[in-house]
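Heads up: the structure comes next, in structure tokens.
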Amino acid sequence: MKPTPSFNRSLWVYHFNSGSCNGCEIEIVATLCPRYDPERFGIRLVGSPRHADVMLVTGPVVKKMKDRLIRVYAQIPDPKVVMCIGTCGTSGGVFYDSYNLEGPIDDIIPVDVYVPGCPPRPEAIIHGVVVALAKLERLEGGSI
Amino acid sequence: MTLTAVVGEIILWTVIVSLFGLTAGLFLLGIDRKIAAHMQARIGPRLRQPFIDIRKLLVKENIIPENAIPWLFNLAPVIALVSSLVILLYIPLGSLHSPLGMYGDLILVMYLLTIPALATVAGGFASGSPYATVGAQREMVTMIGYEFPLAIVVIAIAWRLWAAGVAHPFLLSTIAGNPVWGLVGPLGIVGVVLLLIVLAAVTPAELSRIPFDTQEAETELAGGLLVEYSGRNLALFSLTTAVKTLVLGALIVAVFFPWNLSSFVAMPAGIAQLADLVFFLFKVVLVMSVIVTLVRVGMARFRINQVVTVYWHTFALIGLVGLLLLMADSALAGVL
């Protein structure tokens, strides 16, 4: 299913913690605060994956969270975008090659946008959303 | 007029009022979000953001969970939207013709108001998710909580109209035609203000807004009743909220602020109806931005046991005091 123009003016975000240290969570909350006001662009934090368009995944995916991550990903209705927030999800970060990791995230579910940083600044997360929007627009244009 | 003509006219007006209700309701949600954003020193979304949200939800996939009851799960949002549109047909919108206005009264509207809530409860139970089940139970408890204060308001206003010798006191057109403020003395004015406070307190619960949104609590119940709904069904529930916002605004305006522009300024009939409609929408926006937006920005959520205490103790008491003041007022005026 191809996204429409109203899709990227109304991104509802669901946040999934796959074993993060809470640094990225704090930055995500800071991004949603009045200072950056993402509601200007129709971005809203929702509590249920069924309502979501964008899934923000943080953390390096520990063993116990792998099945949950797959399940929550499947619960989000299509079309959907997955954003990987923080270095842990991108590569494993400081936990690289650890015995209890199943990650990084793109080994388990397809990731559209990576936002590196430990933790990434709110500006970086917003830039990631802009990149995701550009990707959605390319999808609308049919160039991917 | 023949029966066919009457039925045809009702159907025509039903379509017009429904389209108006959907559009105005979504704009009301947009205004609510914009004003809330400004109260929090934000810029906020565009005014037509709710329309964009609905259009997005309509292109999204519509997931029916494996352990849901599919027919009830899909039927609930339709019933919720249709029944909230039906309420709109009974309520006067400005001086506009209300298609079913003479066939039902305030008591019927009170009963009809429970149907969208009951439909969401049925949908919540049918989704087969523990979060939705807890949400549905909380919605029922909230309904039990706010029905009593709501009934007190309805009875008190209609009783005062009856005591003043107005015929058919429960008809909404009668209530809108005889502003209750003009009928009562100083004691009664205090009583009516108390009743207005009670109705204003019931409104956020009817709309599942903070501080009475325990059934949808995002942080604890992940969306509560609506947790399993996505795509088209979620869009229908959003439209229900939009229409209900207009319905409750219109109800408060009809009961407490029914004045029309055309009764103060002489105007040709066509322009008068348009001016009344614009004035009516202005009143609805004003009322809703105070009792929904201001309250939801300024308050945190009540726990479910607090909801019942607040309604049964605080607001039922305020309502009963209001009712007693109205009775004392009419006794002083020598009506009884």
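The listed protein sequences derive, respectively, from chains A and B.
For the first sequence, the working numbering begins at 1 and goes up steadily by one.
For the second sequence, the working numbering begins at 1 and goes up steadily by one.
For every residue, glycine included, the Cβ atom is placed at its ideal position computed from N, Cα and C.
Ranked by Cα distance from Pro-130 of chain B, the options B:Leu-261, B:Glu-216, B:Lys-244 are led by B:Glu-216. Residue contact check for Phe-7 of chain A against chain B: a CB pair falls below 8 Å. DSSP places Ile-79 of chain B in the uninterrupted alpha helix (DSSP H) bounded by 70 to 90. Contact between Phe-279 of chain B and Asn-260 of chain B holds, since their C-beta atoms are separated by about 7 Å, short of 8 Å. Distance between Gly-270 of chain B and Leu-26 of chain B, taken at the CA atoms: about 26 Å. Inter-segment contact for the region 51 to 61 of chain B and the region 124 to 137 of chain A is absent: fewer than three beta-carbon pairs are separated by less than 8 Å. In the DSSP assignment, the residues bridged to Trp-12 of chain A are A:Arg-44. Non-local C-beta neighbours of Ala-300 of chain B in its own chain, meaning closer than 8 Å and more than five positions away in sequence, comprise Ile-210, Pro-211, ordered along the chain.
Distance from Val-57 of chain A to Ser-18 of chain A at the Cβ level is roughly 6 Å; contact confirmed, criterion being Cβ atoms closer than 8 Å. The criterion of a C-beta distance shorter than 8 Å is not satisfied by Pro-116 of chain B and Thr-214 of chain B. Contact between the region 39 to 55 of chain A and the region 79 to 94 of chain B is absent: fewer than 3 CB-CB pairs across the two stretches fall below 8 Å.
Collapsing the DSSP output to three states places Ile-107 of chain B in a helix. In its chain, beyond the 5 residues on either side, Gly-44 have a beta carbon closer than 6 Å to the beta carbon of Ala-37 of chain B. Proximity of Asp-78 of chain A to chain B, defined by a Cβ-Cβ separation below 8 Å, is satisfied.
Between the alpha carbons of Ile-76 of chain A and Pro-70 of chain B lies a distance of about 18 Å. Boundaries of the alpha helix (DSSP H) around Thr-4 of chain B: 3 to 39. For Tyr-99 of chain A, no beta strand (DSSP E) segment is defined, and its DSSP state is neither H nor E.
The alpha carbon of Ile-107 of chain B has as its nearest neighbour, out of B:Ala-76, B:Leu-207, B:Phe-148, the alpha carbon of B:Phe-148. Going by beta carbons, Tyr-14 of chain A and Met-55 of chain A fall inside the 8 Å limit. Gly-185 of chain B counts as exposed, since fewer than 16 other C-beta atoms from the protein chains shown sit within 10 angstroms of its C-beta. When the beta-carbon positions are compared, Leu-221 of chain B and Gly-135 of chain B come within less than 8 Å of each other. Around the Cβ of Lys-63 of chain A, a 10 Å sphere holds fewer than 16 other Cβ atoms; the residue is exposed. With respect to the C-alpha of Tyr-73 of chain A, the residue from A:Glu-137, A:Pro-5, A:Ile-109 having the closest C-alpha is A:Ile-109.
Close to Ile-63 of chain B, with beta-carbon spacing below 7 Å, are these residues of chain A in chain order: Arg-50, Pro-77.
Phe-7 of chain A is classed as buried because its beta carbon has at least 16 other beta carbons within 10 Å across all chains shown. Here Tyr-111 of chain B is exposed. Its C-beta has fewer than 16 other C-beta atoms within 10 Å. For Asp-37 of chain A, the chain B residues whose C-beta falls within less than 8 Å of its own C-beta are Ala-37, Arg-42, Ile-43, Gly-44, listed in chain order.
Using a C-beta cut-off of 8 Å, the region 148 to 166 of chain B makes no contact with the region 287 to 299 of chain B, since fewer than three inter-stretch Cβ pairs fall below that distance. At least one CB of chain B lies nearer than 8 Å to the CB of Arg-40 of chain A.
When the beta-carbon positions are compared, Asp-329 of chain B and Gly-223 of chain B stay at least 8 Å from each other. For Gly-23 of chain A, the closest Cβ of chain B is not nearer than 8 Å. In terms of Cβ geometry, Ser-95 of chain B and Ala-333 of chain B do not form a close pair [threshold 8 Å]. Within chain B, no C-beta atom comes nearer than 9 Å to that of Val-62 of chain A; the closest sits roughly 21 Å away. Restricting attention to B:Val-7, B:Ile-16, B:Val-6, B:Gly-30, the CA atom closest to the CA of Ser-238 of chain B is found in B:Gly-30. Chain order gives the chain B residues near Val-46 of chain A as Glu-218, Ala-222, Gly-223, where near means a beta carbon separation below 9 Å.
DSSP places Asn-17 of chain A in the strand class (E or B) of the three-state scheme.
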